[in-house]
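Be aware that the sequence shown starts at 1, since it is given in full-length UniProt numbering, and climbs by one per residue. The beta carbon of each residue, even a glycine, is placed where N, CA and C say it ideally should be. From a predicted model like this one, the values you see are computed outputs, not experimental measurements.
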Amino acid sequence: MSGGGGSSSLLRQLEFFLISLVFHLIFTWSIFDVYFHSPVVYPSPRFNASHAVPQAPWTDGAPAERLVLIVADGLRADTLFKQHPTSTLPTWAQPNVRGTESVYEGSYDNAFSRHTPSVSNEDEQPSHAYVGPFLRGIAQGPGRYGVSHTHVPTESRPGHVALIAGMYEDISAVTKGWKVNPLAFDSLLNQSTYAFSYGSPDIVPMFALGTTEDKMEWAVYDEEAEDFTKDAVELDMWVLAQMQELMERGKTNKTLDDRLRAPGTVFFLHLLGLDTTGHTYRPHSPEYLGNTIVVDAIAREVDALFEDYFDDDKTAFLFTADHGMSRKGNHGDGDPDNTRTPLVAWGAGIPPAQRLSRRGFAYTEYDKHWDLEYYARTDVEQADLTPLMASWIGIPVPANAEGHLPMSLLDAPPAYRARAALATARQVLEVYRVKHNDRAARMAHFQPFPALRSEPGVQPGEARIQDIARAIEQGDFENAVEECESLMHDALAGAKYLHQYDAPILSTVVVLGYVGLFLYGVSCLLVYALPTESRTPTRRVHYTALTIVMLSFAVVWSKFYLDSAPMMYFVYSGATGLIWMLLSTRIHLFPAFLPPHVPWPQVGWAGLYVAICVVFLEAAMYGYLHRLLWLAIVLTMAMIPVMLFPMTWKEGHQVAVVVWVIVCAATAWFMSLPTDKEESVPLLSLGGGLLLIIGLCVYIWPAAFLMPPDYLGRRKKMYAMMHAKTTDELTALSALPDDKEEGADTFWPRTRWALLVQLVCLATSIGVTATAASSLAAKQGLPRTSQVLGWAVLLCSASAPFVLGFQRPQNGRSQPLRERILLLVFAFAPVYVILSLRDEVLFFLCYTLLVLLWGHMEAELARDRAVMARGPQANMLHPLTPAPRPMQLDDVRLGLFYFLLLNIGFFGTGNVASISSFYLSPVYRLVPVFQPFLMALLLVVKLIVPFILLSSVLMALCLQAVEPRALPAASSRLAIVASGLGLRDVYMPLVVAALAGNVLALNFFFAIRDEGSWLEIGQSITHFVMANLMQLYMLAIASFSGWLLGRPTTPSTEKSKTS
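This is the structure in structure tokens:
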């Protein structure tokens, strides 16, 4: 696609994008080699407490024979432990709250039936109640309680991996999906004698991989059962029923009974109900509290089930969660409650509750209503629970476990406790040894971790292990445990040291690659800026620069070869070297745009222009971290036409400037609103209603929006009054008929019918949304009629342009692009109405107006300059279309505005860098059953709608020629992109925007975090990946938008050709 008959070939136009695409696809992966390559290794030895000291094995058996792990998916610690106002409980639970105490601590007899019992109104009712009476009773008597701090709350998979495998899974593994194992890893279920696992189809199967059927029995319910519009408690009741059925089978099946009673058996119960309920109703809802009551009752039933079946006090119980949940029902948005999960342990191997003489911790807002401050509380990291559970039942610690053994939760003889600590330390050290031996064997100049240096031929840490083993044999158990902690600390630090061993040299290669790509992009812009008649070659080999580049990267490749480095290291350095070699063929262009070829004032102005752009880009970078910065950016953009556009243009476009400032202020207002939203059907209806009114106005008065502005060159009477020199000439000119846009009425009738269909769909979507939202809020499920109508509206509205509105060229003229843009706006309006929660529809309205105004002002500015550049002898009534022009400095502003508007679409009603800012609740209006990929697809469609509109306006500007027949505007009407910019190469603004994304990517590379919460790590990765893929995204969306619009053939183009 080229504008106005440009001479560049398509390959030349896309040259930078193709090179940049390959580069960014390669270097997007670089962070996983620099920061996040997989920590999973496969050490062959496994260590348990019984054989931690081979010369003195433990023979008295483990504290427990079996383990029951109950994971309440998505349960917050404070919800389980604290008191809740009785009025916030579900109606079926409130009648149970009786007595004279201020806080009810009793059980809920109807937890499983959830039928509201009839009670006397005269009974006293406490003002508050606990929703976990059984587990609280454990914390105050036979067991211990605390908070388990998670590291990876974003998905359920990483939380369960930390619990059962003991490792905080690397981010690269999470990106491959959470339903299957992207990497084989060891777990408690692998190491157990037998395992029985029941729960969600999303979690249970991934721990079954790698085990045999005779070792593990597992079952899951159907995915269709995860219906977000129904009571999720039934999912947890299904798990309890499976356990009850298992025990009944064991009473009559001798083989099964032997497996159930075998030492080292693990029972894993995954309760998904709370996660589903929290997503749907939020964690402070009666539904969530009611589900917690049911989960507590299930824990009580499981305890009684094992007591009745085994009757030997050899069962260890652990109740916890994989992650918590924020107030708005998400578990990846940075709320501290995402990472705070309950921990309750009781049974064999767990010490009983310890009553304290004074408070064990200071009151905080978080835990002041727990009423547990006089009981010993044990807070742990989530991965610490894996070696603890292994030590309870005496099975080997999983291979990649990295947690510390919490000794306060292990009730066993000192000799066993010391051996358990040594087994945990040896397993962690084994991971370091595997990584150490791998590097020592293949690298020419390997430097081991200083704290674990050893003599040649001696394994790292071997001397320290022997010292600990001696201390255990001599009965110095306390010292042995301390030394184990020290060894674990050094082994974990050493593993991290080796994990990041290559980071410095790889970072250098990556940074050089980004710098080289940016300079190469600038050289492409210089090619665009060359005059059409210029004879400066676009490429010329600079042999000195080329030689330096080739020698430098030959040295780097030699080092990688001697170190037997992974293949990707050669790919990164090769890509960087290739970029710099290509740049060496363009170096000669830079002096052509510097003094003495260009005056110093112009160079200074260009430098200031670039500096301002860099300030905007740095502000945009910080805007990814602090959303309010986008408010300042939008308000600054509002003032740019006021302060920087020519005065002659502002005088003729006062209405456009005022409306621009108002719309910018309205759009900026959305940046100040919190992303924590509650559903508001009235606001959705208001936004949809305003869109409907605007659509009806366009339908009734099309000339006000879709016809070209009344330029003076078209209105002959106005032209005659300004330019006639004699009375006769005035009379003759005034008698001429006004010009009309040729073929303007050819396409509008069908376009109008398509618009009418879309407006009917929009009105229907408002009604469907109100009906569905009301039914879901009343917990009556999604009406089938609403679901069918919702899908029909989306499909009908989106297909109307293709079936009816978009038309083929007729009589050598194509459909005006502004008609197609109009149809695209209303094709996507129902998407926003149905899939929005509160104010997103209003944002869509403001953003659409902002983008259309931007296109209008850019087109008018280009037209104004073209008119001013005409000579005095030009034919004012029938001028020729200006020749396509090369790049100008102002085109940098055009590309920058496009880039900023793209990001404003991201941050308008949420932060795309955190997917949790996008709520699932509206998706239930179309998909009530849990279908993650379809749900994600609907959210992605909603996400890209603004960018399709933005790119359509940009392509309309780039594809259309400058309107040639006008003098400065006298009309106040704001036409929809009535003309274009007359660019020689339509991709010039996209190259500028791609360079802006390149600057962000380099900033985000240095901002990558490999420590801290999952939110911080995940956001840093998301920012980097988004910035890298942004140029691909922009090109794809722009190409798609260009395909939707088609290549226009304007009347002015036809005239210029015939002339």
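If you follow the alpha helix (DSSP H) that residue i is in, where does it begin and where does it stop?
| i | result |
| --- | --- |
| Ser685 | 681-700 |
| Trp370 | Taken as a continuous stretch (DSSP letters only), Trp370 belongs to no alpha helix (DSSP H), as it is neither H nor E. |
| Pro601 | 600-623 |
| Arg249 | 233-252 |
| Thr544 | 543-562 |
| Tyr528 | 503-529 |
With DSSP run on the structure shown, which of helix, strand or coil describes residue i?
| i | result |
| --- | --- |
| Pro989 | helix |
| Leu845 | helix |
| Thr386 | helix |
| Ser979 | coil |
| Trp660 | helix |
| Thr175 | Confidence at Thr175 is low in this model, with a pLDDT of 48, below 50, so the placement of that residue should be treated as unreliable; the coordinate-derived value is given next. It is coil, neither helix nor strand. |
| Gly347 | strand |
| Ala961 | coil |
| Ala99 | In the sequence on display, residue 99 carries Gly and not Ala. Coil, per DSSP. |
| Arg893 | helix |
| Val428 | helix |
| Glu860 | helix |
| Asp466 | Residue 466 is actually Gln in this sequence, not Asp. Reduced to three states, the DSSP call for Gln466 is helix. |
Closest to residue i by C-alpha separation, out of the options, would be which residue?
| i | options | result |
| --- | --- | --- |
| Ile505 | Glu483, Ser454, Ala565 | Ala565 |
| Ser200 | Phe306, Thr193, Ala232, Ala480 | Ala232 |
| Leu512 | Gly475, Asn479, Trp580, Tyr543 | Trp580 |
| Asp379 | Trp392, Ser357, Leu920, His404 | His404 |
| Ser486 | Ala451, Trp748, Asp236, Leu562 | Ala451 |
| Phe196 | Asp222, Leu525, Gly250 | Gly250 |
| Thr667 | Leu853, Leu1000, Glu373, Arg750 | Leu853 |
| Trp218 | Glu234, Leu235, Val239, Gly623 | Val239 |
| His588 | Gly607, Asp236, Val522 | Val522 |
| Leu388 | Glu963, Pro63, Arg1009, Ala883 | Pro63 |
| Pro336 | Ser584, Glu365, Ala704, Met988 | Glu365 |
| Thr91 | Thr771, Pro286, Val431, Pro396 | Pro286 |
| Asp371 | His115, Ser102, Ala961 | Ser102 |
| Trp58 | Ala412, Asp384, Ser797 | Ala412 |
| Leu25 | Gly159, Gln1031, Trp1043 | Gln1031 |
| Leu696 | Pro682, Pro674, Leu756, Leu730 | Leu756 |
| Asp214 | Thr255, Phe616, Gln815 | Thr255 |
I think residue i touches residue j, with their Cβ atoms under 8 Å apart; what is that distance to the nearest whole Å?
| i | j | result |
| --- | --- | --- |
| Leu209 | Val266 | The Cβ separation is near 16 Å, so there is no contact. |
| Leu842 | Val923 | The Cβ separation is near 20 Å, so there is no contact. |
| Asn48 | Ala390 | 7 Å |
| Cys613 | Ala638 | The pair is not a contact, with the Cβ atoms about 17 Å apart (cut-off 8 Å). |
| Gln758 | Ala704 | Rounded, the Cβ-Cβ distance is 19 Å, inconsistent with contact. |
| Gly159 | Gln382 | 7 Å |
| Val788 | Ser765 | Wrong, their Cβ atoms sit about 13 Å apart, outside the cutoff. |
| Ser507 | Val34 | 6 Å |
| Gly141 | Pro352 | 7 Å |
| Gly812 | Met955 | Going by Cβ atoms, the distance from Gly812 to Met955 rounds to 21 Å, so no, they are not a contact pair. |
Which first and last residues belong to the beta strand (DSSP E) in which residue i is found?
| i | result |
| --- | --- |
| Glu217 | 216-220 |
| Tyr145 | 143-149 |
| His84 | 83-85 |
| Val316 | The question names Val, but residue 316 in the sequence shown is Ala. From DSSP, the beta strand (DSSP E) with Ala316 extends over 315-320. |
| Ser197 | 195-199 |
Cβ of residue i less than 9 Å from any chain D Cβ?
| i | result |
| --- | --- |
| Leu939 | Of the chains in the structure shown, none is chain D; there is only one protein chain. |
- Touching or not, the segment 1000-1010 and the segment 1020-1037, by the rule of three or more beta carbon pairs under 8 Å? yes
- Are there three or more Cβ pairs, one per stretch, closer than 8 Å when the segment 435-443 is compared with the segment 495-504? yes
- Should the segment 323-338 be called in touch with the segment 66-85, which here means at least 3 C-beta pairs below 8 Å? yes
- Message: For the pair the segment 820-840 and the segment 925-942, tell me if three or more CB-CB distances fall below 8 Å.
- Response: yes
- Task: Check whether the segment 631-647 touches the segment 812-827, counting contact only when three or more Cβ pairs, one atom from each stretch, lie closer than 8 Å.
- Result: Not touching, per the Cβ criterion.
- Message: I'd like to know if the segment 306-315 and the segment 340-351 are in contact, where contact means that at least 3 CB-CB pairs between them fall below 8 Å.
- Response: Proximity of the segment 306-315 to the segment 340-351 meets the contact definition, three or more beta-carbon pairs being nearer than 8 Å.
- Item | the segment 122-133 touching the segment 96-108, judged by at least three CB pairs closer than 8 Å | yes
- Query: Okay, do the segment 857-869 and the segment 669-681 touch, 3+ Cβ pairs below 8 Å being the bar?
  - Reply: no
- Is the segment 594-608 touching the segment 561-576 in the sense that three or more CB pairs, one from each, lie closer than 8 Å? no
- Message: Taking 8 Å as the cut-off, does the segment 81-95 touch the segment 394-404 (at least 3 CB pairs, one atom from each stretch)?
- Response: no
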